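Under our numbering, the first residue of the sequence shown carries the number 224, and numbering increases by one thereafter. Glycine is no exception: its CB is placed at the ideal position from the N, C-alpha and C atoms. Values in this document were obtained by computation on a predicted structure and should not be read as measured data. To keep things clear, I will list the structure first and then write my remarks on it.
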Amino acid sequence: MIGLGGFLGAILRFWVGGLVFEATHVSGFPLGTLAVNLLGAFILGGLSGAFHLFEPHSQLWFFLTTGTLGAFTTFSTFSVETLNLIQEGHPGRALLYLTVSVLGGLLLAAAGFYTGRHLN
């Protein structure tokens with residue numbers, strides 16, 4: 224189940240990244256990765272908040288969290304893209320990307336958690 228979730232998450236990441244690029248046509252800043260990581264933080268936060276709705280250690284839980292969201296979000300790409308921005312002479316963009324990714328991810332995970340906590 225985790226592998227199937229990973230397959231789905233990777234396809235969704237590719238699709239969402241493409242949609243973000245098509246909608247913005249921004250190059251030189253990794254908006255696609257930023258979008259999937261922030262969205263993934265919100266969704267995982269929501270699932271964590273709604274954990275009471277899942278059977279402990281259920282296949283669905285691992286399919287959604289470890290598989291789908293684990294493949295949908297990407298820390299390694301975020302790290303390399305930040306390094307690339309620095310190496311390409313854009314330390315300000317790198318700092319912006321780092322700040323928005325980390326703080327935005329934490330805020331959205333918290334918002335998702337509190338949203339999920341109130342689901343019945």
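About 6 Å separates the beta carbons of residue 232 and residue 290, which is inside the 8 Å limit, making them a contact pair. Under the Cβ criterion (8 Å, minimum of three pairs), the segment 243-258 counts as touching the segment 294-308.
The Cβ atoms of residue 336 and residue 272 lie closer than 7 Å to each other. Residue 336 carries a helical assignment under DSSP once its states are collapsed to helix, strand and coil.
The segment 249-311 is shown to contain whole alpha helix (DSSP H) runs of 4 or more residues at 254-272, 282-285, 298-310, in chain order.
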